[in-house]
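Numbering (the numbering used here), first residue to last: 1 to 319. The beta carbon of each residue, even a glycine, is placed where N, CA and C say it ideally should be. Contents: one structure, followed by commentary.
In structure tokens form, the structure reads like this:
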């Protein structure tokens, strides 16, 4: 039994059954309605509401940190706009440090320092890794192929130079996605909380398995902080959904939501010295074109963490 639990950690704590006191429990509508009202109260109506002007993101002031945290506590994300231009890989790490994020996800495609340089890299793109191409990235959460013990809680994207054209991100707070699904049909949420809802096939390169298959839910709750987590990808080649009607209907609803024009979906193209700090919200990226007449190409540094943004624990905000 212990070996099975280690291989399938999503099944350790029956994540389809949140604690009874949680607003994410489908058996506690009163708690859900209270949290929903608080969550939606004064929720941002435009992407400009997510932007916080800062001086130097490499050395954020206490006032800047507080302003960014205020936005994050409502939306799980914030866009910082620096006034000084620096090409420094320490920026995303410094931003993470200021918000209590220290456990970097040093994945196999990251640079040696654990920070990933997102740019067109022919060697990586030829192996099928879309983030290293100029193609569009479909809706996803980072690390959707990880198990619960290795989940990505938060990440920082820092733009060094944007593309000549394209490269816009769309962003959706996963807590808002939960609300929209539950309000439409609570059975959608119930289906996507099942431990066997979604399977990410094993990753194999040159006949060698580099990552085992992972089966787990889309929505699940951290029993310590009470946080709602989401793992999702719209890539049909990277996913196998549970083959029952409830799951299929829930997936279709989510696909339609993400393809639509919800006022809760924010769109923004990061400019030089701007960045995104978030608790792993749903996001995508449009295709882009680099400037072939100059050496300037799109370059974004990414730092992914196994830590949540300090001060945004669910129980701290709504407990």
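Please list the terminal residues of the continuous beta strand (DSSP E) segment that includes residue i.
i           : result
residue 284 : 282-285
residue 140 : 137-140
residue 116 : 116-118
Which stretch, first to last residue, makes up the alpha helix (DSSP H) that contains residue i?
i           : result
residue 33  : 29-40
residue 180 : 174-184
Could you give the DSSP three-state label for residue i: helix, strand or coil?
i           : result
residue 101 : coil
residue 191 : helix
residue 91  : helix
residue 126 : The predicted model places residue 126 with a pLDDT of 45, which falls under 50 and marks its position as unreliable, so this point remains unresolved.
residue 310 : coil
residue 164 : coil
residue 298 : coil
residue 303 : strand
residue 96  : helix
residue 134 : coil
residue 317 : helix
residue 148 : helix
Have a look at the DSSP bridge pairing and note the partners of residue i.
i           : result
residue 215 : 199
residue 156 : 277, 303
residue 26  : Bridge partners of residue 26: none, in fact.
residue 220 : 229
residue 82  : 54
residue 209 : 204
residue 170 : 267, 284
Residue i and residue j look like a contact to me (Cβ under 8 Å); what is the Cβ gap, rounded to whole Å?
i           : j           : result
residue 156 : residue 96  : 6 Å
residue 141 : residue 230 : 5 Å
residue 304 : residue 50  : Their Cβ separation, rounded to whole angstroms, is 20 Å, which puts residue 304 and residue 50 out of contact at 8 Å.
residue 284 : residue 170 : 5 Å
residue 196 : residue 242 : 6 Å
residue 216 : residue 308 : Actually they are not in contact, since the Cβ atoms of residue 216 and residue 308 sit about 18 Å apart, beyond 8 Å.
residue 273 : residue 82  : 4 Å
Whole runs of the beta strand (DSSP E) within the region 48-80, excluding any shorter than 3 residues:
Along the length of the region 48-80, whole beta strand (DSSP E) runs at least 3 residues long occupy 51-54, reported in chain order.
Give, in chain order, every unbroken run of the alpha helix (DSSP H) that is at least 4 residues long and sits entirely within the region 225-290.
245-259
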